[in-house]
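Residue numbers (the working numbering): 222 to 314.
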């Protein structure tokens, strides 16, 4: 199993609570629709970055496939313009 953690900052002109809800609504429903994506949660952060994404994948290949999956790419179209910066870490259990 691979754990995928991403921390994001949003652009200053974005309503952060609304943006995180949009991101959550777009990404969390992909569980069960994209092969190998086992779990995903998106939450507003209360210090440092604006929000955190935590997800679990069956394998490194499943994570790679998710990144280019058409449903993931379509979801990103709804919020990509909100994002300012990100930092990610992946690890395998």
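Quick reminder that beta carbons are idealized off the backbone N, C-alpha and C, glycines included.
Are the beta-carbon atoms of residue i and residue j separated by less than 8 Å?
i, j, result
"residue 227", "residue 309", "yes"
"residue 225", "residue 286", "no"
"residue 260", "residue 280", "no"
"residue 257", "residue 273", "no"
Could you tell me if residue i is buried or exposed, where buried requires 16 or more neighbouring beta carbons within 10 angstroms of its beta carbon?
i, result
"residue 271", "buried"
"residue 267", "exposed"
"residue 288", "exposed"
"residue 231", "buried"
"residue 248", "buried"
Look up residue i in the DSSP assignment and say whether it is helix, strand or coil.
i, result
"residue 202", "Because the chain spans 222 through 314 in this model, residue 202 falls outside it and cannot be assessed."
"residue 263", "strand"
"residue 314", "coil"
For residue i, write down the residues that DSSP places opposite it in a beta bridge.
i, result
"residue 225", "276 and 311"
"residue 231", "304"
"residue 258", "278"
Which residue marks the beginning of the alpha helix (DSSP H) containing residue i, and which one marks its end?
i, result
"residue 293", "291-297"
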